[in-house]
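Going line by line, the protein sequences match chains A and B. Residue 885 is where the first sequence starts when you use my numbering, and the numbers rise one by one after that. Residue 26 is where the second sequence starts when you use my numbering, and the numbers rise one by one after that. The C-beta atom is built at its ideal place from N, Cα and C for all residues, glycine as well. Here the structure is laid out as structure tokens; the discussion comes afterwards.
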Amino acid sequence: MSWAGLFAVWAGSLALVAMALAVTRPNVVHALIWVVAGLLSLAAGFFALGAGFAGAVQILIYAGAIIAVFVFVVMTIDSGPEAIARERGWLGTGWKLPLALVVLVLAPAVFGLAATAGPGAPTPVSPVALGATLFGPWAVAVEAASAMLIAALLGARHLARRERAP
Amino acid sequence: MIDLPFFLVASLVLAVGLFAVGLFGLMLRRGILFQIIALEIMLTGPALAFVAAGAHHGDPGGQGMFVFVLVLAASEVALGLALYLRLGRLADVADSDSVRTLRH
């Protein structure tokens, strides 16, 4: 058992708690702040797992850029007291069926308890090795991902465009 | 029983937990913005599983798949939020139940 692995598990548990708080907040700004907290703890876990590039990208792009897009959208909507009260009303009803389905999803995770904890520490993977993989054997997949990003960019621009005056 | 390191087993269980929390939020919420946030949370579960498996095997493929998950999340957020803004501007709706027939 390694200290880095233990720290990664601790950070991941914090992320799980923060995410569980995020999906149950009636105020969208509070939910976003909890999402940022969860993403940052997950990034700490990635660093502890020896995945430094994944941790840095998680902070810069996930908690930075993607959440910034959310913040821009939140600025355009009204989140006054009546909107929060409406969300609270929706939260109070209809949580039993989702919870039952989620327990079904979680059930296979119980098998994790049966696994015997053997020795082993996370192996660090350098960004050099990652780049050699991404731009060597995975080059076609990277090109496909970039094509998807371009398609998403054009689609978002097309959808968000204002109508021209007739 | 297979002898797996503790950090890998715990990380995979946490990944399932993150996915389940996101799924719970997706089904619990009616506001479209909250549902997009829950979809983001669902995507972090597989991301953690990929990174943990890559750390176990010492394979850069785990982080490579994490990069692809990130690209998927970014494009999903861009399109989802554009659709959300469009829907709010055209029909003034913010909850998904009122647009389930895609008419208004």
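Kindly list the residues whose CB is nearer than 6 angstroms to the CB of A927 of chain A, restricted to its own chain and excluding five residues on each side of it in sequence; keep chain order.
Result list for A927 of chain A: G939, Q942, I943, in chain order.
Buried or exposed for V955 of chain A, please, with buried defined as at least 16 other CB atoms from any protein chain shown within 10 angstroms of its CB.
It counts as exposed.
How would you list, in chain order, the residues of chain A whose beta-carbon sits under 9 angstroms from the beta-carbon of D28 of chain B?
Chain A residues near D28 of chain B: A999, T1000, A1001, G1002, P1003, G1004.
Of the residues that make up the stretch 898-923 of chain A, which ones have a beta carbon closer than 8 angstroms to any beta carbon in chain B?
So the list reads A899, L900, M903, A904, A906, V907, T908, V912, A915, L916, V919, G922, L923, given in the order they occur along the chain.
Which same chain residues end up closer than 7 angstroms to T1007 of chain A when comparing Cβ atoms and leaving out the 5 residues on each side of it in sequence?
Excluding positions up to five away in sequence, the list reads G934.
Going along chain B in order, which residues have a C-beta closer than 7 angstroms to the C-beta of M959 of chain A?
Per Cβ cutoff of 7 angstroms: no residues; M959 of chain A is ~11 angstroms from chain B at best.
Taking the beta strand (DSSP E) that L944 of chain A falls in, what are its first and last residues?
No beta strand (DSSP E) holds L944 of chain A; DSSP gives it neither H nor E.
In this structure, does DSSP put G83 of chain B in helix, strand or coil?
Three-state DSSP puts G83 of chain B in coil, outside helix and strand.
If we count the other Cβ atoms within 10 Å of its Cβ and call it buried at 16 or more, is H1042 of chain A buried or exposed?
Exposed: under 16 other Cβ atoms inside 10 Å.
Please list the residues of the stretch 944-958 of chain A that have a C-beta atom closer than 8 angstroms to any C-beta atom in chain D, keeping them in chain order.
Note that chain D does not occur in the displayed structure, where the protein chains are A and B.
Would you check if there are 3 or more beta carbon pairs closer than 8 angstroms linking the stretch 1024-1041 of chain A to the stretch 83-100 of chain B?
Yes: the two stretches touch, three or more of their Cβ pairs being nearer than 8 angstroms.
Helix, strand or coil: which one does DSSP assign to G964 of chain A?
Three-state DSSP puts G964 of chain A in coil, outside helix and strand.
Going by CA-CA distance only, name the one from B:A72, B:L97, B:A98, B:S100 that's closest to R87 of chain B.
First, the residue type needs correcting, since residue 87 of chain B is Gly and not Arg in the sequence shown. Ranking B:A72, B:L97, B:A98, B:S100 by Cα distance to G87 of chain B puts B:A72 first.
Under 8 angstroms, do T69 of chain B and L33 of chain B count as touching if we go by C-beta distance?
Result no, Cβ atoms of T69 of chain B and L33 of chain B do not sit closer than 8 angstroms.
A923 of chain A to A947 of chain A, Cα distance in whole Å?
Inspection of the sequence shows that residue 923 of chain A is occupied by Leu rather than by Ala. Cα to Cα, the separation comes out at about 6 angstroms.
Mind checking whether V907 of chain A and F75 of chain B have CB atoms under 8 angstroms apart?
It is not a contact, given that the beta carbons lie outside the stated cut-off.
If you reduce the DSSP assignment to three classes, tell me which class A999 of chain A lands in.
Note: A999 of chain A maps to coil in three-state DSSP.
So, is the C-beta of F1054 of chain A closer than 8 angstroms to a C-beta in chain B?
This structure cannot speak to residue 1054 of chain A, because chain A is shown only from 885 to 1050.
Comparing the C-beta of E971 of chain A with each C-beta of chain B, is any distance below 8 angstroms?
Yes, its Cβ sits closer than 8 angstroms to a Cβ of chain B.
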